[in-house]
Amino acid sequence: MISGVQSGDSRGQLVLIAALALTLVLVALGVAYLQLGYNEDVQTVEQRPASQIEAVLERIIDKTATDVPNMFHWSDRDTAAQAVRDELNATSDQLETSRLGAGHLYHITLNDTRTAHWESANCPAGPNRQFGTCETIGGIAVQNRTGRTHVLAAAFDIMITTPNGETAVTVVIKPQAKYDDA
1 MISGVQSGDS RGQLVLIAAL ALTLVLVALG VAYLQLGYNE DVQTVEQRPA
51 SQIEAVLERI IDKTATDVPN MFHWSDRDTA AQAVRDELNA TSDQLETSRL
101 GAGHLYHITL NDTRTAHWES ANCPAGPNRQ FGTCETIGGI AVQNRTGRTH
151 VLAAAFDIMI TTPNGETAVT VVIKPQAKYD DA
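Note that UniProt numbering has the sequence shown beginning at 1, numbered continuously upward.
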């Protein structure tokens, strides 16, 4: 071997090593490319229409419950409950037809029986209670607080029909709003 000049065997080994390195790089790139389209470990976001409807109903209950004590005395509790129902009905009508084009049908109704059960379990009775009496009026639980009507809860039956099947849930929604006792 002359200085600076490689023999044929050395050059062949160098080409073989370079080809092997290039092959390893191409295999790694191929594996990476194939994994880009592989989504088995990606969690898909599943839409839960009942949760979405419940969130809308929570916002409506919060909004209307905040206004009720300022607008209605306890003696006007029937009118207060009707005002809440009117607001809920307007929203329910929009929700029920909001996804008809996609084959989704929603049916939302107040559940007076479930609201009454909630009231019995959550509204204290007897001399040690902090506020006045509670009453369920047409699916809306209300309470007398310093002579004003306060909305405590409402129960809903939600029926969801989609191309994949039907789902029925019953939810009790309590307002999260803070009241100013007048």
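All residues carry an ideal CB built from backbone N, CA and C; glycine is no exception.
Counting only residues of its own chain and dropping the five nearest sequence neighbours on each side, Ala168 has a CB closer than 8 Å to the CB of Asp157, Ile158, Met159 and Ile160. Non-local C-beta neighbours of Gly103 in its own chain, meaning closer than 8 Å and more than five positions away in sequence, comprise Thr162 and Pro163, ordered along the chain. For the pair of segments examined, the region 60-80 was found not to touch the region 93-112: the number of CB pairs separated by less than 8 Å stays below three.
With fewer than 16 other beta carbons inside 10 angstroms of its own, Ile17 counts as exposed.
Here Gln143 is buried, its C-beta having at least 16 other C-beta atoms within 10 Å.
About 4 Å separates the beta carbon of Ala116 from that of Thr136, a gap short enough to meet the 8 Å contact definition. The closest CA to that of Ala155, considering only Thr170, Gln13, Gly12 and Asn128, is found on Thr170. Excluding five sequence positions before and after Lys174, the CB atoms of its chain that fall closer than 8 Å to its own CB belong to Ile61, Leu152 and Ala153, given in chain order. Every beta strand (DSSP E) of 3 residues or more that sits fully in the region 111-149 is shown, in chain order, as 134-137 and 140-145.
Gly165 sits in a strand when the DSSP states are folded into three classes. Contact annotation: Thr149 and Val68 have beta-carbon atoms nearer than 7 Å.
If you look at Ala90, you'll find it in the alpha helix (DSSP H) that goes Arg77 to Thr97.
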